[in-house]
């Protein structure tokens with residue numbers, strides 16, 4: 003049975019959401035979940051849930067890395083934190099994957115330090131799958147590495163293309179570099195140099211992609227540094243939230259729109275499902291030698307359950323092997 | 003009467019949209035519009051419109067800087083382009099403001115070269131007003147200067163605060179630096195250094211603001227470099243477009259949601275109006291000694307008409323005088 007370690011102490015509403023999400027997953031999915039964190043705390047919430055006893059266990063980790071703690075320092079000092087212990091389990095292969103909704107910087111740092119990066123990959127990157135008007139698209143990096151080099155961007159492209167091909171099942175995926183214009187002359191030095199590397203490579207590369215084309219689904223892989231990627235992701239969330247709040251306000255102002263809204267409810271639900279990150283359940287940390295899933299800090303139980311599902315899918319594919327082969331193919 | 007020069011050759015559908023927008027403005031607004039560009043071309047479209055003859059005139063400019071032309075080179079070479087001629091008119095004070103939906107880089111470059119920047123301002127910045135869940139907020143810079151220095155970010159903060167106070171009428175506006183976290187330790191070197199400058203200044207500064215808080219209206223002025231700002235803006239547009247396409251698809255799939263959608267039409271219109279850039283009509287290029295409005299490249303006639311309205315409003319306020327005073331106040 004697939005075995006997933008889940009950081010019970012990570013996320014804005016830890017450990018409750020992690021525990022409830024794990025219980026939910028134990029009822030629906032065919033895998034074993036190891037909750038990592040303060041055992042008494044975890045048990046307090048676990049007894050209140052309806053869970054499958056054979057599918058959940060606890061590994062005690064007495065320390066906690068908080069959301070705002072400095073990443074590198076905390077990983078070095080808190081060796082008994084849920085993040086350090088979980089990554090250690092992954093390293094020793096007692097579990098197949100590790101999920102955390104906790105301090106992203108600390109997870110990235112612990113994973114890079116202990117698991118090491120794949121041969122040919124300098125820095126890991128977080129890839130997130132977003133819906134577009136066409137196929138789903140992966141944006142990499144959305145926050146692992148905020149000051150990337152051109153070569154690291156190229157490596158993100160390779161990993162994103164492998165993910166698109168082997169996990170999302172997209173045939174001949176195309177990568178684009180996120181930029182403020184399509185022309186070669188546009189952009190920062192970083193983007194200009196990265197563009198040259200992409201063009202020299204044998205990758206399926208469409209050149210620069212403008213932000214306005216991201217959700218039009220013009221490419222399958224959007225490559226950017228973690229600073230821009232994180233802002234892109236968070237702005238989208240912020241705008242989605244604001245739009246639905248505006249809409250709610252307008253729809254409930256008068257009677258007819260209100261009735262209309264009730265009749266249209268299934269459509270709204272379908273949209274929400276499409277753009278709701280809790281449906282996607284976390285983003286893979288690509289480029290480390292081990293399967294790590296970063297869940298959203300404000301994950302609810304459903305998001306955690308879906309992250310477990312995503313982790314199970316991830317385990318079934320030999321993505322890292324493919325990435326290594328794709329990298330080697332490029333260097334031939 | 004207020005006199006506005008309008009680049010007739012700028013934008014994806016030039017000169018038609020500029021001419022139709024000018025005609026519309028001449029019927030609704032109390033100002034004179036000088037269409038700058040190829041006279042025969044302009045006249046061809048103008049005769050097909052219903053416009054007020056006393057309120058529109060043409061200044062011939064035989065050259066055109068195209069959307070994809072390199073900015074600095076084009077401005078230097080094409081002295082008779084609509085952009086160069088329009089900015090020259092502004093410099094000679096034969097008009098009160100200049101509007102262009104053309105090559106943004108060229109407009110910024112021509113304005114900085116000919117009009118010069120205000121004392122104490124090193125680089126101009128484009129400020130765009132966005133709706134939020136609370137008050138409208140100005141984001142600066144969204145594309146004038148893609149590699150800003152910490153000092154330039156501080157100057158954007160000053161200009162943004164003046165705009166918020168004097169044009170948007172917001173009492174005691176607050177500025178925030180766009181970053182990937184609120185903590186001081188987060189972000190690129192640029193953002194960290196800029197944060198220190200903001201904190202040392204007497205400005206109303208709330209620290210870092212995360213992208214997810216932008217549309218929540220947490221601050222009145224969002225400060226960022228032009229690369230990030232441009233991506234933020236375009237991603238928002240792209241996501242808005244995708245969401246409404248998703249919604250349309252879902253709403254028209256079955257009968258009840260379809261009826262619901264029809265009943266809810268006024269609410270959708272209200273939302274579209276709120277997030278539609280053509281309602282806002284362009285973004286001011288702040289920091290140059292003259293009033294320049296950058297309109298969206300894909301502006302339709304309504305967007306141009308609203309840009310003329312925005313320019314008239316802009317002329318009525320002595321914003322640049324306020325910016326200079328606010329800058330001096332800071333240095334005392």
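Protein chains in written order, with this note's numbering: chain A, 3 to 334; chain B, 3 to 334. Quick reminder that beta carbons are idealized off the backbone N, C-alpha and C, glycines included.
Query                                                                                                                                                                                                         : Result
Quick one: which chain B residues come within Cβ less than 8 Å of residue 187 (chain A)?                                                                                                                      : 72
To the nearest angstrom, how far is the alpha carbon of residue 85 (chain B) from that of residue 220 (chain B)?                                                                                              : 37 Å
Pull the bridge partners of residue 132 (chain A) from the DSSP assignment, please.                                                                                                                           : A:139
Residue 10 (chain A) lies in the alpha helix (DSSP H); which residues open and close that run?                                                                                                                : Looking at the DSSP string, residue 10 (chain A) is not in any alpha helix (DSSP H), and its letter there is neither H nor E.
Identify whether residue 209 (chain A) lies in helix, strand or coil by the three-state DSSP scheme.                                                                                                          : strand
Buried or exposed: where does residue 171 (chain B) fall if 16 or more other Cβ atoms within 10 Å of its Cβ makes it buried?                                                                                  : exposed
Whose C-beta lies closer than 6 Å to the C-beta of residue 77 (chain B) among residues of the same chain, with five residues either side of it excluded?                                                      : 108, 111, 112
Starting from the N-terminal side, write out each stretch of the beta strand (DSSP E) that is 3 residues or longer and does not extend beyond the region 17 to 100 of chain B.                                : 33 to 39, 58 to 62
Starting from the C-beta of residue 123 (chain A), find all residues in its chain whose C-beta is less than 6 Å away, skip the five residues before and the five after it, and write them out in chain order. : 157, 289
Do residue 130 (chain B) and residue 235 (chain B) have their C-beta atoms within less than 8 Å of each other?                                                                                                : yes
Could you tell me whether the Cβ of residue 262 (chain A) comes closer than 8 Å to any Cβ of chain B?                                                                                                         : yes
What does residue 303 (chain A) pair with, by DSSP beta-bridge criteria?                                                                                                                                      : DSSP, once it has assigned bridges, lists no residue as partnering residue 303 (chain A).
Per the contact definition of three or more C-beta pairs closer than 8 Å, is the region 20 to 28 of chain B in contact with the region 39 to 53 of chain B?                                                   : yes
In terms of residue numbering, what span does the beta strand (DSSP E) encompassing residue 178 (chain B) cover?                                                                                              : 177 to 181
Hey, does residue 195 (chain B) have any beta-carbon neighbour from chain A nearer than 8 Å?                                                                                                                  : no
Check whether the Cβ atoms of residue 146 (chain B) and residue 126 (chain B) lie closer than 8 Å to each other.                                                                                              : yes
How would you write the range of the alpha helix (DSSP H) that residue 152 (chain A) sits in, first residue to last?                                                                                          : 152 to 168
Report the option in B:136, B:17, B:164 whose CA atom is closest to the CA atom of residue 217 (chain B).                                                                                                     : B:136
Can you tell me whether DSSP reads residue 286 (chain B) as helix, strand or coil?                                                                                                                            : strand
Would the region 194 to 213 of chain B and the region 161 to 177 of chain B be scored as touching if the rule is three or more Cβ pairs under 8 Å?                                                            : yes
In the DSSP assignment, the beta strand (DSSP E) including residue 295 (chain B) goes from what residue to what residue?                                                                                      : 294 to 296
Identify the contact partners of residue 236 (chain A) in chain B, using a Cβ-Cβ distance below 9 Å as the criterion.                                                                                         : 182, 212, 213, 214, 215, 216
Report the rounded CA-to-CA distance for residue 229 (chain B) versus residue 223 (chain B), giving the unit in angstroms.                                                                                    : 17 Å
Between the region 231 to 259 of chain A and chain B, which residues of the former have CB atoms less than 8 Å from a CB of the latter, in chain order?                                                       : 232, 233, 234, 235, 236, 237, 238, 239, 240, 241, 242, 243, 244, 245, 247, 248, 249, 252, 253, 255, 256, 258, 259
For the region 123 to 137 of chain A, enumerate the residues whose C-beta is nearer than 7 Å to any C-beta of chain B, in chain order.                                                                        : 134, 135
With 8 Å set as the bound, which would you pick, yes or no: does the beta-carbon of residue 229 (chain A) sit closer than that to a beta-carbon of chain B?                                                   : yes
For the alpha helix (DSSP H) containing residue 110 (chain A), list its first residue and its last residue.                                                                                                   : 106 to 112
Under a CB-based cut-off of 8 Å, is residue 190 (chain A) close to chain B?                                                                                                                                   : yes
Applying the 10 Å Cβ sphere with the 16-neighbour rule, what's the burial state of residue 286 (chain B)?                                                                                                     : buried
Skipping 5 residues on each side, what residues in its chain have a beta carbon closer than 6 Å to that of residue 7 (chain A)?                                                                               : 36, 38, 88, 91, 97, 100
Quick check for students: name the residue ranges of the beta strand (DSSP E) that lie wholly in the region 217 to 266 of chain A, counting only runs of 3 or more.                                           : 223 to 225
Can you give me the C-alpha to C-alpha distance between residue 303 (chain A) and residue 132 (chain B), rounded to a whole angstrom?                                                                         : 33 Å
Consider the Cβ of residue 159 (chain A): report whether some Cβ of chain B lies at a distance smaller than 8 Å.                                                                                              : no
Within a Cβ cutoff of 6 Å, which residues of the same chain sit near residue 143 (chain A), ignoring the five residues on either side of it in sequence?                                                      : 127, 128, 158, 228, 231
For chain B, find out if any of its Cβ atoms is closer than 8 Å to the Cβ of residue 269 (chain A); answer yes or no.                                                                                         : yes
On the DSSP bridge assignment, give the partners of residue 102 (chain A) in chain order.                                                                                                                     : A:296
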